[in-house]
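**Q**
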Amino acid sequence: MKKIGRRDFIKKGSVTALAGSSAILLSCSPENKTEGPAVHTRKKYKWRIVTTWAPHFPVLGEGVDQFADWIKEMSEGRLSIQVYGANELVPAFESFEAVRSGVAQMSHGASYYWAGKVPAGQFFSTVPFGMNTQQMNAWLTGGGGLKLWEELYAPFDLIPFPAGNTGMQMGGWFNKMINSISDIQGLKMRIPGLGSKVINKAGGTGLATPGAEIYTNLERGVIDATEWIGPYHDYLKGFHKIARYYYYPGWHEPGTVLELTVNKSAFEGLPNDLQAIIRTAAARLNGQVLAEFNAKNGEYLTKLINEHNVNLQKFPDDVLSAFKNFSEEVIDDLVSSDAKAAKIYESYRNFRKQITGWEEVTTHVYDAAVKA
Ligand code: CA
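Each residue of the sequence shown is one higher than the one before, starting from 146 at the first, in my numbering.
#1: What three-state label does DSSP hand residue 396 in the structure shown?
#2: Assuming residue 251 and residue 406 make a contact with CB atoms under 8 Å, what is their CB distance in whole Å?
#3: Under 8 Å from any heavy atom of ligand 1, does the C-beta of residue 314 make it?
#4: Taking the alpha-carbon of residue 530 as reference, which of 296, 207, 397 has the nearest alpha-carbon?
#5: Which residues in the same chain have their Cβ closer than 6 Å to the Cβ of residue 359, if we skip the five residues on either side of it in sequence?
#6: For my contact list, residue 190 and residue 419 are in at a C-beta cut-off of 8 Å; report their separation, rounded to the angstrom.
#7: Which first and last residues belong to the alpha helix (DSSP H) in which residue 280 is found?
#8: Does the separation of the CB atoms of residue 238 and residue 263 fall below 9 Å?
#9: In three-state DSSP terms, what is residue 332?
#10: Rounded to whole angstroms, what is the Cα-Cα separation between residue 298 and residue 485?
#11: How is residue 245 classed by DSSP in three states: helix, strand or coil?
#12: Quick check: the Cα distance between residue 480 and residue 287, rounded to an integer number of angstroms?
#13: Count the C-beta pairs between the segment 257 to 271 and the segment 421 to 433 that are closer than 8 Å, then say yes if the count reaches three, no if not.
#14: When you compare each of 416, 258, 223 to residue 354 by their alpha carbons, which one comes out closest?
#15: Are the CB atoms of residue 273 and residue 343 nearer to each other than 9 Å?
#16: Identify, in the order they occur along the chain, each residue of the same chain with its Cβ nearer than 7 Å to the Cβ of residue 206, setting aside the five sequence neighbours on each side.
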């Protein structure tokens, strides 16, 4: 028996809802004469979302909690999503596989966590000296980036959505001054992804220490330096208590995109309106996470400086320039060993060139004028 579509229900909803009677419904919907009451169209879906964040992790985990609330509210309870923090259902770095296999229908994380499986995906989170947040949003939404991302994830039966951004990150916490690139030699630094390869090229050791272990490792000297996110999250970790210098800018993560992935068959099995609700909630999360990062980072940078006397340092220009050269080598290595990465990087690079031309006559001169 064919079910009454959601659209049919909406069309006749005002009559049926008031009447509460299948007799009235049938009299108003001649094409569905054999159907039962409208309640059959209100099928409920119970989904799971796994995340790479500790449960209710500030901004990111909290954002996913809200995302589930928005979807519940917009769908009037027809799509409810149970949120799982890292290790509550699956370990953090197994969430990609969990959504592929259907253990969960969704995950929230960042595409660079799957670099081992999908190296080209790193362009959809962040790369050292890559595009900033505003440029990434423009490329993904208006410059064809999202289409390339969808193509990349299609063989895994996953649909990606941009769903948050950390904004520009900080360079990290050090216990010695970085006066020249040779100061990186022998340095053990916690830094994930392609950034760690840059540190290796500079003669240091980049380590992907899990978030929960960074503080103890830095305190005990297992690592000499660490990056994390930005002033708000770094403050919560307490790094200012055990490290002397707080360096900027975060050249290795100039605007990390967070991703929502959805199991393709699960998504396609939803009625159109619930699919639209997921798209809308993802777009809201994308904007909200960035706004919260920026607002909180401004507040906590001031707090770190004024209340905790943090010694803020900018990486010297020649150090940044050396990091940049090593970053280009790291990107070349990635692109020359992976045809998908090469295709995506072509779009990325062309888009960046174009938008930079636009920014040179807008934000660049404006920022300089405001500062003068
Ligand atoms: Ca980071």
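We put the beta carbon where it would ideally sit given N, CA and C, even for glycine.
**A** Concretely, from the data shown:
#1: Correct three-state label for residue 396: coil.
#2: 7 Å
#3: Flag set: Cβ of residue 314 near ligand 1.
#4: Only positions 146 to 517 of the chain appear in this structure, which leaves residue 530 out of reach.
#5: 335, 371
#6: 7 Å
#7: 278 to 287
#8: no
#9: coil
#10: 11 Å
#11: helix
#12: Looking at the two C-alpha atoms, the distance is approximately 23 Å.
#13: In this structure the segment 257 to 271 does not lie against the segment 421 to 433, because fewer than three pairs of beta carbons, one per stretch, are closer than 8 Å.
#14: 258
#15: yes
#16: 196, 198, 199, 200, 230
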